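S.K.:
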Amino acid sequence: MSSTFSNSSQWGELFKKEDWWSIWIGLGLLLCAILFFFAGSSIGWIAVVPSKWHTLSDLWDQLVKNAPRYVGQFILWTTILGFAIRFLKISFKEFLGSFLFIYLISIIVFALGQWDKASYYNLEPPLVALALGLVIANLIHLPKWLESGFRVEFYIKIGIVLLGATLPFTLIIWAGPVAILQASIVSLSTFFVIYFVGKRLGLDRRLAAVLGAGGAVCGVSGSIAIAGAVGAKKEHAPISISIVIFWAIVMIFALPLISKALGLPTGVAGAWIGTSEFADAAGFAAAQTYGAYAGQVSGIEGNPEAAVNAFTLMKIIGRDLWIGIWALVLSVVATTRWEETGITGQANYGEIWRRFPKFVFGFLVASLAVTAISRGYNFAAYKSNVVPHLVDPIKNLRSWAFIFCFFSIGLTTRLSDFAKAGAKPFYAFTAGVVVNVILGYFLSTQVFVDFWVKLGQQ
Amino acid sequence: MKVNYGVKTRQCANCRFFNNNPADLERSMVGLRVFGSGHSSVVSDDGLCEKLERYLSGRYVCGLHEIEA
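For the record, the sequence lines run as chains E and R. FYI, our numbering numbers position 156 of the first sequence as 156, with every residue one higher than the one before it. FYI, our numbering numbers position 19 of the second sequence as 477, with every residue one higher than the one before it.
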């Protein structure tokens with residue numbers, strides 16, 4: 001048996017949890033970018049990304065020309081991620097081989113997305129990375145050691161912290177309350193639908209709550225947090241996780257396609273995806289895919305970044321932040337009102353902090369820092385100086401982190417491994433999906449539509 | 459709300475049947491790594507109890523507690 005718990009060493013969490021490491025890495029990269037910027041330079045050299053290309057020879061020429069920059073970037077990612085990985089007790093040697101594999105495929109996926117006909121053939125990098133990962137994981141037997149680098153959550157959290165640097169803090173303040181209101185309406189409705197349908201179908205209350213949190217709050221993280229808080233049976237969380245993964249992957253493809261068919265503006269689609277997708281990483285894949293349609297597909301209005309921005313506000317600020325409160329409330333209900341399980345000890349307010357997704361601090365600090373720096377420039381100087389020398393390189397690094405994540409989603413999704421969820425949990429969760437998607441669509445496109453359209457125009 | 463975890467040493471986290479090693483959690487909960495992680499803050503100090511066959515907070519207490527050797 002192995003336990004890493006200690007009441008007296010909460011500071012140790014700063015180096016044991018990947019949330020904190022995503023902050024150290026994300027803010028560390030941002031700090032470097034800011035220092036270079038104030039020194040009159042930029043980290044643009046190392047934040048290289050493939051540029052638009054027309055023919056294969058164009059692509060080959062730019063890759064050869066920038067090869068030293070890609071090597072430098074690989075060394076940078078390997079060094080910072082590898083350092084963190086050691087603290088998370090993952091073998092660096094295995095991680096190195098695994099990450100090299102991820103990085104090389106990511107270059108190909110990224111480059112494919114820059115083809116000038118990529119949109120025409122629906123070759124958006126998030127979908128290509130995900131589909132490629134799914135094919136590899138389910139058709140090829142990969143060695144165990146190769147899995148060391150498939151850290152979906154770690155990459156997405158680093159990407160979210162970096163995303164903070166590209167999202168004005170004033171926008172978070174302006175849009176945050178609406179996002180919280182819309183997300184709360186949908187979260188509460190989804191939770192109670194899943195919980196009561198589950199109970200009606202004869203499910204254990206704890207399983208119904210775990211499923212409800214998976215659908216209402218933050219997917220796999222919601223399921224696992226509530227499973228621990230209520231003392232669920234050991235099979236409850238895997239059942240919920242399997243169903244969440246199924247629906248999250250369906251939604252990655254479905255929400256952008258439906259939004260595209262309906263011609264939703266980017267901000268509106270991002271808000272809907274933020275309300276109705278079940279996992280952060282899955283939602284970013286869907287939102288980034290949809291953002292790429294702006295300017296490429298006729299009838300889709302709004303800023304390409306607005307889909308990701310609206311999604312982030314809705315999912316991170318509106319839903320994820322509240323996981324600790326859900327855990328506290330359900331823990332109290334489970335220990336005082338539900339059938340006894342032989343365990344006692346009620347949660348306290350500390351539960352809110354312990355389960356708080358700490359990477360959100362990094363996201364907020366990054367946003368605050370770049371917003372504060374930008375205030376010293378007029379709009380023209382911001383566009384000509386701050387954006388190309390500070391914001392764009394960070395955006396490029398964020399794009400890499402997201403591609404590592406999207407590819408890892410596919411690579412870790414081995415369909416044959418998943419727990420057999422059973423029909424009743426699936427029906428209960430699916431009832432929540434139906435309510436969630438319809439209510440999320442109604443709120444995004446009718447009730448708060450002006451707000452999300454406006455966000456897309458900023 | 460009053461915090462009352464009882465005697466710290468009797469909390470599940472200190473029991474020999476309790477395991478909250480992130481790598482073990484990821485191995486035993488298939489799919490956890492797809493959109494989650496055993497190293498995440500939301501996991502807090504939760505772990506699997508071999509005796510009760512439950513996934514629970516390390517701060518819980520139960521009558522079957524046995525101190526880790």
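Note that the Cβ used here is the ideal one computed from N, Cα and C, for glycine as well. Predicted model, so just to flag it, every value in this text is computed and none were measured.
Thr445(E): buried (16+ other C-beta within 10 angstroms of its C-beta) or exposed?
M.R.: Result: buried.
S.K.: Excluding the 5 residues flanking Thr413(E) on each side, which residues of the same chain have their C-beta closer than 8 Å to its C-beta?
M.R.: Contacts found: Gly133, Leu134, Ala137, Asn138, Ile245 and Ile249.
S.K.: Could you give the uninterrupted runs of the alpha helix (DSSP H) lying entirely in the segment 42-83 of chain E, keeping only those of 4 residues or more?
M.R.: 56-65
S.K.: Mapping DSSP to helix, strand and coil, what is Phe476(R)?
M.R.: When secondary structure is reduced to three states using DSSP, Phe476(R) falls in the strand class.
S.K.: Show which residues of chain R have a CB atom less than 7 Å away from the CB atom of Ile23(E).
M.R.: What Ile23(E) touches in chain R: nothing, since even the nearest Cβ is about 11 Å away.
S.K.: May I ask you to report which of helix, strand or coil DSSP gives Ala292(E)?
M.R.: DSSP places Ala292(E) in coil when its eight states are reduced to three.
S.K.: Check whether chain R comes within 8 Å of Phe233(E), counting only Cβ atoms and requiring the distance to be less than that.
M.R.: In the sequence under discussion, the amino acid at residue 233(E) is Lys, which differs from the Phe named in the question. Judged by the 8 Å Cβ criterion, Lys233(E) is in contact with chain R.
S.K.: Would Asn462(R) be called buried (16 or more neighbouring beta carbons within 10 Å of its own) or exposed?
M.R.: With a pLDDT of only 38 at Asn462(R), under 50, the local geometry of the prediction cannot be trusted, and no value is derived from it.
S.K.: On the three-state DSSP scale, how would you describe Val233(E)?
M.R.: The question names Val, but residue 233(E) is Lys in the sequence shown. Strand.
S.K.: Could you tell me the alpha carbon to alpha carbon distance between Leu323(E) and Cys218(E), rounded to whole angstroms?
M.R.: As written in the sequence, residue 323(E) is Ile, which differs from the Leu given in the question. Those two C-alpha atoms are separated by around 8 Å.
S.K.: Roughly how many angstroms separate the alpha carbons of Lys424(E) and Gly198(E), rounded to a whole number?
M.R.: 7 Å
S.K.: If you follow the beta strand (DSSP E) that Arg512(R) is part of, which residue opens it and which one closes it?
M.R.: Arg512 to Leu514
S.K.: My output table needs one value for Thr166(E): the three-state DSSP class, helix, strand or coil.
M.R.: coil
S.K.: I'd like to confirm the pairing. Which residues does DSSP put opposite Ile525(R) in its beta bridges?
M.R.: Cys473(R)
S.K.: Can you have a look at Asp280(E) and say buried or exposed, based on whether 16 or more other CB atoms are within 10 angstroms of its CB?
M.R.: buried
S.K.: Does the Cβ-Cβ distance between Glu301(E) and Gly456(E) come in under 8 Å?
M.R.: yes
S.K.: Between Phe36(E) and the rest of its own chain, which residues show a CB-CB distance below 6 Å, the 5 nearest in sequence each way excluded?
M.R.: Ser42 and Ile43
S.K.: Exposed or buried, Asp61(E), counting other C-beta atoms within 10 Å across all chains shown (16 or more means buried)?
M.R.: Asp61(E) is exposed by the Cβ-count criterion.
S.K.: Excluding the five sequence neighbours on either side, which residues of its own chain have a C-beta within less than 6 Å of the C-beta of Phe5(E), listed in chain order?
M.R.: Residue placement at Phe5(E) is poorly supported in this model, since its pLDDT is 48, which falls under 50; the coordinates still yield a value, given next. Contacts found: none.
S.K.: Could you check which residue in Phe451(E), Gly222(E), Asn436(E) and Thr55(E) has the C-alpha nearest to that of Val193(E)?
M.R.: When C-alpha distances from Val193(E) are compared across Phe451(E), Gly222(E), Asn436(E) and Thr55(E), the shortest belongs to Asn436(E).
S.K.: With a threshold of 8 Å on Cβ separation, who are the neighbours of Ala471(R) within its own chain once the five nearest residues in sequence on each side are excluded?
M.R.: Asn478, Asp503, Gly505, Gly516 and Arg517
S.K.: Return the chain-ordered list of same chain residues with a C-beta closer than 7 Å to the C-beta of Ala286(E), the five sequence neighbours on each side being excluded.
M.R.: Its chain contains Met251, Ile252, Leu255, Pro256, Ile273 and Glu277 as the residues whose beta carbon lies nearer than 7 Å to that of Ala286(E), once the 5 sequence neighbours on both sides are disregarded; these appear in chain order.
S.K.: My guess is that Ser22(E) and Val161(E) are in contact by the Cβ rule of under 8 Å, so how many angstroms apart are they, rounded?
M.R.: 6 Å
S.K.: Here's a check: name, in chain order, each residue in its chain whose Cβ is nearer than 8 Å to the Cβ of Arg491(R), leaving out the five neighbours to either side.
M.R.: Glu484
S.K.: Could you check the C-alpha separation between Ala462(E) and Arg206(E) for me, to the nearest Å?
M.R.: In the structure displayed, chain E extends from 1 to 458; residue 462(E) sits before or after that span and is not available.
S.K.: Which residues of chain R have a Cβ atom closer than 8 Å to the Cβ of Ala165(E), listed in chain order?
M.R.: What Ala165(E) touches in chain R: nothing, since even the nearest Cβ is about 21 Å away.
S.K.: With 9 Å as the limit, tell me which residues of the segment 340-362 of chain E have their beta carbon closer than that to any beta carbon of chain R; keep them in chain order.
M.R.: Thr341, Gly342, Ile343, Thr344, Gly345, Gln346, Ala347, Asn348, Tyr349, Gly350, Glu351, Arg354, Arg355, Phe356, Pro357, Lys358 and Phe359
S.K.: Which residues in the same chain as Ala225(E) place their Cβ atom closer than 6 Å to its Cβ, once the five residues preceding and following it in sequence are excluded?
M.R.: Ile323, Ala327 and Arg355
S.K.: Using a Cβ cut-off of 9 Å, pull out every chain R residue sitting near Pro143(E), in sequence order please.
M.R.: In chain order: nothing, as chain R lies at least about 16 Å away.
S.K.: Starting from Pro238(E), find everything on chain R with Cβ-Cβ shorter than 7 Å and list it in chain order.
M.R.: Near Pro238(E) (Cβ distances below 7 Å), the residues of chain R are Met487, Val488 and Gly489.
S.K.: Measure the alpha-carbon distance for Leu201(E) versus Phe426(E) and round it to whole angstroms.
M.R.: 11 Å
S.K.: Exposed or buried, what is Tyr349(E) when buried is set at 16 or more other beta-carbons lying within 10 Å of its beta-carbon?
M.R.: exposed
S.K.: If we call anything under 8 Å between Cβ atoms a contact, is Gly28(E) one with Gly215(E)?
M.R.: no
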